[in-house]
Amino acid sequence: MSSGKHPDELLIPHKETNGLAALTQLKCRAEGAAFVGFLTTTALIGSVYMIFPFVPLLFFSATYPIYRRACQCVATLWFTAAAALLELTSDVVVHGTPLAESDRVSLLICNHNCRIDWMYLWVLASRLGRPHALCIALKDSLRSAPFFGWAMQAFLFVFLSRRDRNTDLQTIRRSIEYNVHTLKSPLLFLIFPEGTDLSRSNLAASQQFAQANGLPRFEHVLHPRSAGFAGAVDAAGDKLDAVLDVTVRYTPHALDAAPSVHALRRLGGHACTADTPMYRPSESSLLGGRWPRRVALRVERRDAAEVARVGDKEVGAWLKRRWEAKEAWLAMEAEAEARAEEMEVTAAAAATTAAAATATLNAAEVSATPSLSESDGSEGAVAQSSANISSSESPWPLSRRLRGAYGASLLFWALAMAASAYALSSVRGFGAYTVGASLCLALLTRRAGGLGQMEMDARAKRAHAEEKKAADTAGKQ
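Mapping of the sequence shown onto the numbering used here: position 201 corresponds to residue 201, and the numbering continues sequentially without gaps.
What follows is the structure in structure tokens.
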């Protein structure tokens, strides 16, 4: 580069561009605030106004199905609307093998790149037509999150302490058995076998573990832990139809991107070093409206026979092979993106050099033509490389039916927000109800473990009472 400028300077060379960048940041922050505000408001409406009034019904056998159906309806509407917004803000590309129509009970395993991976898996659940069946294993602290945590309890999400392995395994087993054997409902159970996200410290610890145990060194994933996945497979038993193996990869927002040849400068909006393995979005980047420019979800359906009834050791070996394949694919994609970005920087440097020479020699037509030709070819290569997510698989199309579901769910929540705002401003006592219901849900979370725990306990007590009654009747006969 004869211009002598740092490649980052080539991206923003003028004050006018800096002003445009400031306006872009302001616009992104407004969009991010609107996105988070929408999710928070609809979570409040869903948990306090739509689910809480049905809570008394879960204690009676005759009315319990009404409560469960209400929770499923809220889950479907909320996840579909959230997925619609995520698809509007990012280019979500899904490719691979979907579930079969006959698959009722499935386990979904995924690499854990960042703390918001599970949000983009809402999109996958919607693409599969199963937002109502989604159940996610999350850290226990999220149980107490106002509005969001209360709704997730009602959706029968699993909350893990990560302090007691045996307790967490029992929690996973109980949840899956309740969904599969008691409710007999469709289930798409999401679990992250890595156990934690791909932070630099976690990656370093995983690499040290690999070195000590003679395992391959990973740069884009952590070595998986098989205990939770093996427990989930065992709990589902012969009802398990498939395992959905998903690999997620993010392309940075323009405000977070920098040439890979000089390393990423930001990690979810924070400074990082050249040792940072890959871009990772975060809650703060979403709040700032810096959604990933592209989210690639690579999906592989694996038959349940591959992992069912083979033993925990064999399940662990199977999981390691799947993670080795993830590492290989992510490394290949990262290398392709790095080459494309290097070509883009080279093209920008060539264009800047040509412009400087043109101004000095006052021969624009003569000097600029070959440089522009070179730049056009490089940009074409960049576009082709960035679009080439998978050379052998076509992206899943966004069906007309799903587009309609997205639009209907967004319209529903818009009307619900308008109605709630009117009620709060015009209906006497509605504000007091909101506060009272919120306090009740918070108290239930603290004292009884939340709505999901209450539901499973109530069903277990009724089942025990029915078994005892049947035994007494048989004894009298």
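Glycine included, every Cβ here is placed at the ideal spot set by N, Cα and C.
Residue nearest to residue i in terms of C-alpha spacing, selected from the options
| i | options | result |
| --- | --- | --- |
| D234 | R249, V315, I66 | V315 |
| D303 | Q211, Y67, D245 | D245 |
| L134 | L142, S102, L124 | L124 |
| L128 | E101, F209, I109 | E101 |
| G478 | M456, E194, R200, P252 | Lying before the first or after the last residue shown, residue 478 is absent from the chain, which here runs from 1 to 477. |
| S185 | L169, W318, P131, D164 | P131 |
| A33 | S175, W291, G231 | W291 |
| Q482 | L287, D197, E342 | No information on residue 482 is available, as it lies outside the stretch 1 to 477 that the chain covers here. |
| A320 | A230, L86, A408, R249 | Rather than Ala, the amino acid found at residue 320 in this sequence is Lys. Minimum Cα distance to K320 is reached at A230. |
| D117 | A347, A236, R301, T196 | T196 |
| E333 | L58, R298, Q72, H181 | R298 |
| L86 | T346, E31, R339, E324 | E31 |
| E324 | L187, A21, L215, P56 | L215 |
| V307 | A232, Y49, Q207, E467 | A232 |
Check whether residue i and residue j have beta carbons under 7 Å apart
| i | j | result |
| --- | --- | --- |
| A75 | F147 | no |
| N126 | A242 | At residue 126 the sequence reads Ser, which differs from the Asn that was named. Cβ distance not < 7 Å, so S126 and A242 don't count as in contact. |
| F54 | Y64 | no |
| A416 | I51 | no |
| R225 | P193 | yes |
| A83 | W122 | yes |
| A423 | F430 | yes |
| A350 | H220 | no |
| I191 | A137 | yes |
Buried versus exposed call for residue i [16 or more other C-beta atoms within 10 Å across all chains shown]
| i | result |
| --- | --- |
| F60 | exposed |
| R217 | exposed |
| S373 | Only weak support exists for where S373 lies, its pLDDT of 38 falling under 50; the value from the coordinates is given anyway. Exposed: under 16 other Cβ atoms inside 10 Å. |
| A81 | buried |
| F209 | exposed |
| L88 | exposed |
| L160 | buried |
| T247 | buried |
| P281 | buried |
| Y406 | buried |
| E478 | There is no way to answer for residue 478, as the model of the chain reaches only from 1 to 477. |
| G436 | exposed |
| L240 | buried |
| L398 | exposed |
| D238 | exposed |
| K476 | exposed |
| S201 | exposed |
| A465 | exposed |
For residue j and residue i, the rounded distance between their alpha carbons
| i | j | result |
| --- | --- | --- |
| A336 | K326 | 15 Å |
| T473 | A463 | 15 Å |
| R428 | T434 | 12 Å |
| T41 | H223 | 38 Å |
| L439 | T445 | 10 Å |
| K469 | R459 | 15 Å |
| A145 | A442 | 9 Å |
| S285 | L255 | 10 Å |
| L451 | G149 | 10 Å |
| M454 | Q153 | 10 Å |
| P495 | G96 | This structure gives no information on residue 495, because the portion of the chain shown stretches from 1 to 477. |
| C110 | A296 | 12 Å |
| R293 | S199 | 20 Å |
| A328 | V158 | 31 Å |
| L203 | W318 | 21 Å |
| R115 | Y178 | 27 Å |
| A227 | F189 | 15 Å |
| R401 | S141 | 36 Å |
| S47 | A62 | 22 Å |
| R180 | A419 | Note that residue 180 corresponds to Val in the displayed sequence, not to Arg. Rounded to whole angstroms, V180 to A419 spans 37 Å at the Cα level. |
| R162 | Q170 | 12 Å |
| D168 | S175 | 11 Å |
| K313 | L108 | 20 Å |
| E283 | L23 | 21 Å |
Short CB-CB distance (under 7 Å) between residue i and chain C
| i | result |
| --- | --- |
| A242 | Structure shown: chain C not included; a single protein chain is present. |
Residue i CB to nearest heavy atom of the ligand COA below 6 Å
| i | result |
| --- | --- |
| K239 | Inclusion of the ligand COA in the displayed structure is not the case, the ligand content being empty and no account of it being possible. |
Where are the alpha helix (DSSP H) runs, 4 residues long or more, that stay fully inside the region 207 to 258, in chain order? 227 to 236
Q) Which runs of the beta strand (DSSP E), 3 residues or longer, sit entirely within the region 90 to 166? A) 91 to 96, 105 to 110, 134 to 139, 158 to 160
Which parts of the region 274 to 313 are runs of the alpha helix (DSSP H), unbroken and 4 residues or longer, counting only runs that do not cross its ends?
283 to 287
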